[in-house]
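Heads up: the sequence shown is residues 2 to 297, going by our numbering.
Virtual Cβ for every residue (Gly too), placed ideally from N, Cα, C.
Computed from a predicted structure; not experimentally measured.
Report on one structure; see the data block that follows.
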Amino acid sequence: MAGIQGYRLFNVRLVRKTVISPSLLSLVFSGPEVAQMKCDAPDQRIKMLFPSADGTPSSLPAEGHWYPIAQALPKEKRPTIRTYTLRHIDRQRCEVTVEFVNHGTAGPASAWAVNSQPGEALQMVAPNAEYAADSGGYEWAPPAGLRNALIVADETALPAARGILESIAGQDNPPQVQVFLEVPEAGDCVDLSAFQFAEVVWLARKPVGAQHGECLIQALKADARLPENDHRQPVQEEAEGELLWDKASAASTRFYGWVAAESTAVKQLRRYLITERGVDRRMVNFMAYWAKGRIR
Ligand SMILES: Cc1cc2nc3c(=O)[nH]c(=O)nc-3n(C[C@H](O)[C@H](O)[C@H](O)COP(=O)(O)OP(=O)(O)OC[C@H]3O[C@@H](n4cnc5c(N)ncnc54)[C@H](O)[C@@H]3O)c2cc1C
Numbered sequence: 002m003a004g005i006q007g008y009r010l011f012n013v014r015l016v017r018k019t020v021i022s023p024s025l026l027s028l029v030f031s032g033p034e035v036a037q038m039k040c041d042a043p044d045q046r047i048k049m050l051f052p053s054a055d056g057t058p059s060s061l062p063a064e065g066h067w068y069p070i071a072q073a074l075p076k077e078k079r080p081t082i083r084t085y086t087l088r089h090i091d092r093q094r095c096e097v098t099v100e101f102v103n104h105g106t107a108g109p110a111s112a113w114a115v116n117s118q119p120g121e122a123l124q125m126v127a128p129n130a131e132y133a134a135d136s137g138g139y140e141w142a143p144p145a146g147l148r149n150a151l152i153v154a155d156e157t158a159l160p161a162a163r164g165i166l167e168s169i170a171g172q173d174n175p176p177q178v179q180v181f182l183e184v185p186e187a188g189d190c191v192d193l194s195a196f197q198f199a200e201v202v203w204l205a206r207k208p209v210g211a212q213h214g215e216c217l218i219q220a221l222k223a224d225a226r227l228p229e230n231d232h233r234q235p236v237q238e239e240a241e242g243e244l245l246w247d248k249a250s251a252a253s254t255r256f257y258g259w260v261a262a263e264s265t266a267v268k269q270l271r272r273y274l275i276t277e278r279g280v281d282r283r284m285v286n287f288m289a290y291w292a293k294g295r296i297r
């Protein structure tokens, strides 16, 4: 495997766009190179390289390390890089699907998802099928025989959360899963009834005019089924400007948590679960997928 990277650059073109719900778009990209893409986990992340500030589409060379090459470009020529979830690969058809939150056109990625037309070229950095080992870039890694899981997500983490539910559905003995999903509006609450092992609580912000994460925190306080324990411990807050990213490390089959949402919301959820409810911090992944008012 010497010289072969876990992630590599792929050249793709948009082939079709589907509206999943008012706030979510599904974009399918294709290109012969997709046959060399792989997916190791349902929440595996990819980097999408959107046009630079001056509108030039990303055209980095496939050889070499893409990041230093991108950084060496003049600022206005550098691709705009954002993190997304690898939702689905169809290697036979050479198609890869990414689901985008439509949060308007202020963010370059959301704007591209809204305005792009079939045929437009894009580059993405995704797991490389030639790399035989695990490429990493994901956090959902529950212990075998897990009995209880908690999934907490906002709309940006909904693609990963659905992928996780699909992966659990493939298991012979799925755990009991409690899922809290916060989305902008009621129309975004898509049907997840096929996942009978999961108790899904949908929360829409719009009718109550709630802030990002507010509904999640209230719902968890009211209804979360958490393991009995007494680990109450303070959490170390991140330094100013640092995004929270805590990976679970304990291999207890009793409980496993996956929390991904807006930064402030995730901090509040961590404080509630770890400090107030005494959940063992090693049992839960806490991930700031984005930060309100901040460009990633
Ligand atoms: C591991 C990982 C996986 C992710 N997977 C997905 C995914 O599959 N689908 C997806 O849509 N997002 C996903 N995200 C989140 C995505 O990377 C961010 O939302 C990103 O900031 C969007 O880039 P942008 O160019 O649209 O906006 P930016 O230029 O980053 O931000 C512009 C402004 O928009 C605000 N903003 C950013 N995102 C949102 C939002 N969702 N709602 C409201 N305001 C927002 C910012 O705070 C800022 O004020 C993921 C993030 C991570 C870390």
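- Task: Work out the CA separation of Asp173 and Arg46 for me, nearest whole Å.
- Result: Along the sequence shown, read from residue 1 onward, the residue named residue 46 stands at position 45. Along the sequence shown, read from residue 1 onward, the residue named residue 173 stands at position 172. Looking at the two C-alpha atoms, the distance is approximately 26 Å.
- Message: To the nearest angstrom, how far is the alpha carbon of Glu96 from that of Lys39?
- Response: Indexing the sequence shown from 1 puts residue 96 at position 95. Indexing the sequence shown from 1 puts residue 39 at position 38. Roughly 11 Å between the two C-alpha positions.
- Item | Alpha-carbon to alpha-carbon, Arg278 and Pro176 | Translated into positions along the sequence shown, residue 176 becomes position 175. Translated into positions along the sequence shown, residue 278 becomes position 277. Approximately 22 Å, taken between the alpha carbons.
- Item | Thr265 versus Val201: straight-line alpha-carbon distance, rounded | As a first step, residue 265 must be located in the sequence shown, where it is residue number 264. As a first step, residue 201 must be located in the sequence shown, where it is residue number 200. The alpha-carbon atoms of Thr265 and Val201 are separated by roughly 23 Å.
- Message: So the candidates are Gln93, Arg92 and Ser111; which of them puts its Cα closest to the Cα of Phe101?
- Response: For this step, residue 101 is matched to residue 100 along the sequence shown. For the residues Gln93, Arg92 and Ser111, the minimum Cα distance to Phe101 belongs to Ser111.
- Under the DSSP definition of a beta bridge, which residues are partnered with Tyr8? If you number the sequence shown from 1, residue 8 lands on position 7. Tyr8 is bridged to Pro128.
- For Asn91, the residue or residues it bridges with in DSSP: Within the sequence shown, the letter at position 90 stands for residue 91. Inspection of the sequence shows that residue 91 is occupied by Asp rather than by Asn. According to DSSP, Asp91 bridges with Glu96.
- Message: Give me the DSSP bridge partner(s) of Met49.
- Response: Locating residue 49 in the sequence shown gives position 48, where the first residue counts as 1. Paired residues: Arg83 and Met125.
- Query: Looking at the unbroken beta strand (DSSP E) that takes in Ala261, where does it start and where does it end?
  - Reply: Taking the first residue of the sequence shown as position 1, residue 261 is located at position 260. Segment Tyr257 to Glu263, the beta strand (DSSP E) holding Ala261.
- Item | Where Asn174 sits in the DSSP three-state scheme | Mapped onto the sequence shown, residue 174 falls at position 173. In the structure shown, Asn174 sits in coil (DSSP, three-state: anything other than H, G, I, E or B).
- For the region 141 to 159 and the region 247 to 264, state whether three or more C-beta atom pairs, one from each stretch, are separated by less than 8 Å. yes
- Task: Figure out for me which residue from Leu244, Trp203 and Glu186 has the closest Cα to the Cα of Leu193.
- Result: In the sequence shown, the residue the question calls residue 193 occupies position 192. Out of Leu244, Trp203 and Glu186, Trp203 has the C-alpha closest to the C-alpha of Leu193.
- Task: Determine the direct distance from the alpha carbon of Arg282 to that of Asn230, and round the result to whole angstroms.
- Result: Indexing the sequence shown from 1 puts residue 230 at position 229. Indexing the sequence shown from 1 puts residue 282 at position 281. Those two C-alpha atoms are separated by around 11 Å.
- Message: Suppose the cutoff is 6 Å on Cβ atoms and the five residues either side in sequence are ignored; what does the same chain contact list for Trp113 look like?
- Response: Your numbering for residue 113 matches position 112 in the sequence shown. Within the same chain, Trp113 has close Cβ partners Phe51.
- Give the secondary structure of Thr157 by DSSP, where H, G and I count as helix, E and B as strand, and everything else as coil. Numbered from 1 along the sequence shown, position 156 holds the residue referred to as residue 157. Here Thr157 sits in helix by DSSP.
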